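The sequence shown begins at 1241 in our numbering and counts up one residue at a time.
Note that CB positions come from ideal geometry on N, CA and C, so glycine has one too.
Bear in mind the structure is a predicted one, so any value in this text is a computation, not a measurement.
These notes concern the structure reproduced below.
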Amino acid sequence: MAVAASATHEHWSSRAAFIFAAVGSAVGLGNIWKFPYEAGQGGGGAFVLIYLVFVFGIGVPVMIAELSLGRRGQMSPPNSVKKVAIDEGRSPAWQAIGWFGVIGAFLVLSFYSVIAGFALSYMTNTFLGNLSVLDGQASASHFGALTGNFWLVLFWHALFISLTIFVVARGVTKGLEKAVTWLMPALFCLLVFLVVYSLIFGAGAEAVRFLFEPDFSKVTGRVVLEALGQAFFSLSLALGTMLIYGCYLPRDISIPRSALVVASADTGVALLAGLAIFPIVFAYGLEAGQGPGLVFVTLPIAFAQMPGGVIIGGMFFLLLSIAALTSSISLLEPMVSWLEEHKAVDRLKSAILGGGLVFMVGLGSVLSFNHWSDITLFGRTFLGNLDFLTNNIIMPVGGFLIVVFVGWRVSRASMRDELHTISDRQFNIWRAMARYVCPLALLAIFYSVLS
Ligand code: PHE
1241 MAVAASATHE HWSSRAAFIF AAVGSAVGLG NIWKFPYEAG QGGGGAFVLI YLVFVFGIGV
1301 PVMIAELSLG RRGQMSPPNS VKKVAIDEGR SPAWQAIGWF GVIGAFLVLS FYSVIAGFAL
1361 SYMTNTFLGN LSVLDGQASA SHFGALTGNF WLVLFWHALF ISLTIFVVAR GVTKGLEKAV
1421 TWLMPALFCL LVFLVVYSLI FGAGAEAVRF LFEPDFSKVT GRVVLEALGQ AFFSLSLALG
1481 TMLIYGCYLP RDISIPRSAL VVASADTGVA LLAGLAIFPI VFAYGLEAGQ GPGLVFVTLP
1541 IAFAQMPGGV IIGGMFFLLL SIAALTSSIS LLEPMVSWLE EHKAVDRLKS AILGGGLVFM
1601 VGLGSVLSFN HWSDITLFGR TFLGNLDFLT NNIIMPVGGF LIVVFVGWRV SRASMRDELH
1661 TISDRQFNIW RAMARYVCPL ALLAIFYSVL S
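Structural data, given as structure tokens:
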């Protein structure tokens, strides 16, 4: 295989470093921005219950498969899968799995960075006190004024992607690891503080009831599929991230145990984010089920009214920005690792090249909020189409191919060797999930997308 000498990648320096990085990847806009509004729209507790079943029933087995594949291949996602396929006597075409990852992550990052830019903008404006006099109408028009201004959205997108490039360019241990070991504890402290504040000063009991008492009347087929898509997105699955983070994983670290820790932490943060947001939403009589504007339009109204809202609100958007950054680095990494192997360029150049391309494609998403907001294809804007393509096609097809490949095309012995720390019984349970339960559940998504 024509791979440059730089193909030998760094490894995480400890299990803790890997856990921080993987949790950092998993915890992001998906947990703090998306999960609460999807739960809000999907009937609260009922959505949460279905989501939990998907995270642990499907997400964890897929994560185990993906990390194992990456560690076995020891290269960037496409080359790792190709190497494993050849070693197992299978067609090298299976490397498509890796390509789905690299390209999918690239596309997701191009709009993820734009939304993360909103978080940076809100953080700055809240701390500066610019948002301290909002009512419902003013809040909606502030959001409209930001998104409607092409140059402003572009500026924050450029700033966010530059931060991402900066961290990735410094490498696995000096960049990724160092960033997450500082940022994840900060994120956790901020989150706990906000939850305690909300539960004490907000409508805590109502929020707890909303999040944990299932109301199945709002659950439709769509809501179930949304929960499955959200589980994949939130756990950073099928976009090459877990392949490349697995590649950096030393052999003595238990993959199943790590996957369980990562999934539990990710779910914990999503629930805590709900417990930080909904008590405030209910205390101020705001709408829980109003969709994507929940954190950008609804919450600032509450922050403007509460005492100390400048600090609390600013901290909330700081939290959102940190969570987004530790995810965005993991979205750039699959592509950068591939560029490093193939173009024999160093990390700095790979990161600038990869990040620069992401920035350019992101222009389409920037424009979707303003000059191109009326230009649609299949009834969706540019950003809407990218979101649809990645969430409804690339991620489920990628996830399906991963479990089929690992479950049916990689030998039992190879997988047993990779998952050497668990008992035979645990291994058999995982294998049955990967071979039968996961592929069938994913087929159900396709069916719904196509029908
Ligand atoms: N899991 C991240 C979030 O919840 C998004 C992400 C998806 C990151 C896939 C990497 C890979 O925001």
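Buried/exposed call for residue i, threshold 16 Cβ in 10 Å
i        : result
Cys-1429 : exposed
Ala-1245 : The predicted model places Ala-1245 with a pLDDT of 38, which falls under 50 and marks its position as unreliable; any figure quoted below should be read in that light. Per the 10 Å Cβ criterion, exposed.
Ser-1331 : exposed
Lys-1414 : exposed
Asp-1506 : buried
Ser-1498 : buried
Ala-1681 : buried
His-1382 : buried
Met-1241 : Because Met-1241 carries a pLDDT of 40, less than 50, the predicted location of this residue cannot be relied on, and no value is offered for it.
Ile-1456 : Note that residue 1456 is Phe in the sequence shown, not Ile. Per the 10 Å Cβ criterion, exposed.
Trp-1453 : One point to set straight first is that residue 1453 is Glu, not Trp, in the sequence displayed. It is exposed - the Cβ of Glu-1453 has fewer than 16 other Cβ atoms within 10 Å.
Ser-1567 : buried
Ile-1552 : buried
Ala-1528 : buried
Gly-1310 : buried
Residue from the options whose Cα sits closest to the Cα of residue i
i        : options                                : result
Val-1267 : Phe-1473, Ala-1256, Arg-1462, Ala-1385 : Phe-1473
Tyr-1524 : Ala-1542, Gly-1531, Val-1509           : Ala-1542
Phe-1358 : Phe-1400, Gly-1285, Gly-1376           : Phe-1400
Ser-1570 : Leu-1626, Phe-1645, Ile-1484           : Ile-1484
Gly-1297 : Met-1635, Tyr-1687, Ser-1494, Trp-1670 : Trp-1670
Met-1575 : Leu-1560, Gly-1596, Pro-1519           : Gly-1596
Thr-1661 : Thr-1366, Gly-1388, Ile-1493           : Ile-1493
Val-1412 : Leu-1560, Leu-1439, Ser-1254           : Ser-1254
Gly-1282 : Tyr-1362, Ala-1467, Val-1601           : Ala-1467
Ser-1320 : Val-1300, Gly-1341, Val-1302, Pro-1301 : Gly-1341
Thr-1460 : Ile-1290, Ile-1259, Val-1646           : Ile-1290
Ile-1355 : Arg-1462, Ile-1517, Ala-1653, Gly-1270 : Gly-1270
Ile-1642 : Gly-1548, Ile-1337, Val-1300           : Ile-1337
Ala-1380 : Pro-1532, Leu-1607, Gly-1369, Ile-1615 : Pro-1532
Val-1324 : Ala-1333, Pro-1318, Gly-1313           : Gly-1313
Ala-1760 : Thr-1364, Gln-1470, Phe-1367           : In the structure displayed, the chain extends from 1241 to 1691; residue 1760 sits before or after that span and is not available.
Leu-1683 : Lys-1274, Pro-1496, Asn-1632, Ser-1316 : Asn-1632
Presumed contact (8 Å Cβ cut-off) between residue i and residue j, rounded CB distance
i        : j        : result
Leu-1515 : Leu-1451 : 7 Å
Phe-1622 : Ala-1398 : Their Cβ separation, rounded to whole angstroms, is 18 Å, which puts Phe-1622 and Ala-1398 out of contact at 8 Å.
Pro-1276 : Ile-1562 : Between Ile-1562 and Pro-1276 the Cβ distance is about 17 Å, and since that is not below 8 Å, they are no contact.
Phe-1346 : Val-1463 : So it is not a contact: roughly 29 Å between Cβ atoms.
Asn-1610 : Gly-1329 : 53 Å between Cβ atoms; not a contact.
heavy atom of the ligand PHE below 7 Å from residue i C-beta
i        : result
Ser-1331 : no
Asn-1271 : yes
Gly-1715 : Residue coverage of the chain in this structure runs from 1241 to 1691, which leaves residue 1715 outside it and unanswerable.
Phe-1473 : yes
Ala-1467 : no
Ala-1261 : no
Val-1348 : yes
Thr-1507 : no
Ala-1305 : no
Leu-1572 : no
Ser-1476 : yes
Thr-1421 : no
Ser-1567 : yes
Thr-1248 : no
Leu-1626 : no
Ala-1336 : no
Ala-1516 : no
Leu-1682 : no
Tyr-1481 : The sequence shown places Thr at residue 1481, rather than the Tyr named in the question. Yes, Cβ of Thr-1481 sits closer than 7 Å to a heavy atom of the ligand PHE.
Ala-1345 : yes
beta-carbon residue i near the ligand ADP non-hydrogen atom, thresh 7 Å
i        : result
Ser-1265 : You won't find the ligand ADP in this model; what it holds is the ligand PHE.
Bounding residues of the alpha helix (DSSP H) (the contiguous stretch that carries residue i)
i        : result
Ile-1393 : The amino acid occupying residue 1393 in the given sequence is Val; Ile does not appear at that position. That run of the alpha helix (DSSP H) goes 1390–1409.
Ser-1254 : Element bounds for Ser-1254: n/a, residue is neither H nor E.
Ala-1478 : First-last for Ala-1478: undefined, no H or E at that position.
Tyr-1362 : 1336–1367
Arg-1652 : 1652–1658
Met-1555 : 1549–1582
Tyr-1524 : Per DSSP, Tyr-1524 belongs to no alpha helix (DSSP H) and is neither H nor E.
Gly-1310 : 1300–1313
Leu-1374 : It is not in any alpha helix (DSSP H) - Leu-1374 carries neither H nor E in the DSSP assignment.
Ser-1320 : 1317–1327
Ile-1615 : That residue, Ile-1615, is in no alpha helix (DSSP H); it is neither H nor E in DSSP.
Met-1673 : Met-1673 -> no alpha helix (DSSP H), and no H or E assigned at all.
Phe-1433 : 1418–1441
Glu-1453 : Here Glu-1453 belongs to no alpha helix (DSSP H), and DSSP marks it neither H nor E.
Leu-1534 : Counting along the chain, Leu-1534 falls outside any alpha helix (DSSP H), and DSSP gives it neither H nor E.
Val-1542 : The displayed chain sequence assigns Ala, not Val, to residue 1542. It spans 1539–1545 - the alpha helix (DSSP H) in which Ala-1542 sits, taken as one unbroken run.
Pro-1276 : 1275–1281
Beta carbon proximity, residue i to chain C, threshold 8 Å
i        : result
Phe-1628 : Given the protein chain composition of this structure (a single chain), no chain C is represented.
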